[in-house]
Each structure stands twice: as C-alpha cells, then as structure tokens.
Amino acid sequence: MKKKILLGTAALIVAIAAFFAWKFFAAPVSTEKEGTYLYIKTGSTFKDVQTELVKDKFIHNTVWFRMVAKAAGYKVVKPGRYKVTKGMSLMSLVRMLKNGQQSPVSFVITKIRTKEGLAEKIANSFECDSGEVMSYLNNVDTLQAYGFDTNTVMSAALPLTYEIKWNTTPDKIFHQFFAA
C-alpha cells in the first residue's frame, strides 16, 4: 500500500514536471503565420511588455510568461521590433526579448524628392515620428558634421535598401544613409 502511494506520488511529480517543461520549452506562443512582429517602445516597462503580448494575442495571460521570465532572468526591457515565429516556445520568446534580438527593418528608398516625404516614410517604418525627423533634417548643426546643409541633405538618401533597427534615432538612420 505504501509502495503504491509512493509510486503514485512519483508519477504525479513526473507528470507535473513534464507539463512545466512542455509549457516552458515546447508549447507554441504563436500559431499565427510567419512574420508576426512584437513592437516594444522605448521606455516600456515589463508590465507594458506583458500587456502588449496579451493585446497582440501572443499569449492568453501573463502567468506563464512571468514564470518563464523569472526563470530566465528577464528583467531589463529592451525596446525594438521582435519577430515572433509560428511555433515559437515561451522560453524562446523570453530569451529573444532578454537578449534584445531584434529583427531589422528593410528600409527601401526609391523616389523620394522632399524632406517631408522622407520624414513621413521614416515615421511609417520606425519608432520615431515625422516631427523628430523633420527637426533633424532642418538642423544645420547636425547636418554640418556630414558635409550637408538643409538644402543638400536629400542627396544623402540614396535609392537603396537599408537594414536598420526599428527603434533607431533619426541621427543613426541618417548615419546609415551616409555610410552607404
């Protein structure tokens, strides 16, 4: 009798451990199509990340996410654009967020003729808004470091494809244009 109770308890513990292991390492976070992105804005808190994950339906509630985050040591929120792939486990998601493994934006410049057009395109693709970009493009002091002024700045935006992180500042975006 004692042996049956001990065996039953051991089986229950193994079953619980297997369930936790499955939930952490194998249960898919997203069943959506490939290419679904999670956007974490600069200044976001851990609570904001949890809210975004539930709102965008990557997770149903935050209980398991908090447990995995605690186990993985995920405390510091790193802003960015993160690709959540179909079948990705909760542990893989937490590791990606913890390590800040962003997916860069493929920013394609074709025929943009005005600063306003460039500012709008940047604002539609990145975290910064068009006002920030226009302020940068109209600032003589910042442009002078690259050898441009407010009239010649558009010649830096060559028609190419740039791989840039989503949460990049206008200064760093422009630096990518200049480096190309």
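Going by our numbering, the sequence shown opens with residue 372, and the numbers climb by one from there.
Ideal Cβ placement from N, Cα and C applies to all residues, glycine included.
Between which two residues does the alpha helix (DSSP H) containing residue i stretch?
i	result
Y517	That residue, Y517, is in no alpha helix (DSSP H); it is neither H nor E in DSSP.
S474	From DSSP, S474 is part of no alpha helix (DSSP H); its letter is neither H nor E.
R502	The sequence given here places Gly at residue 502; Arg does not occur at that position. Looking at the DSSP string, the run of the alpha helix (DSSP H) that includes G502 is 501-508.
Mapping DSSP to helix, strand and coil, what is residue i?
i	result
E534	strand
T380	helix
T422	helix
I544	helix
L468	helix
I430	coil
S415	coil
L461	helix
Would the beta-carbon of residue i fall within 8 Å of that of residue j?
i	j	result
V439	L461	yes
F549	A527	yes
V511	P541	no
L529	T521	no
L424	Y453	no
I544	I493	yes
K486	L468	no
T413	N495	no
S463	E534	no
P450	I483	no
F429	V455	yes
T433	Q421	yes
K536	Q473	yes
A442	R466	no
Check for me: the beta strand (DSSP E) holding residue i runs from which residue to which?
i	result
R484	Where R484 is concerned, there is no enclosing beta strand (DSSP E), given that its DSSP letter is neither H nor E.
V455	451-455
Does residue i have its Cβ less than 8 Å from a Cβ in chain C?
i	result
S501	Reference to chain C is not applicable here, since this structure consists of a single protein chain.
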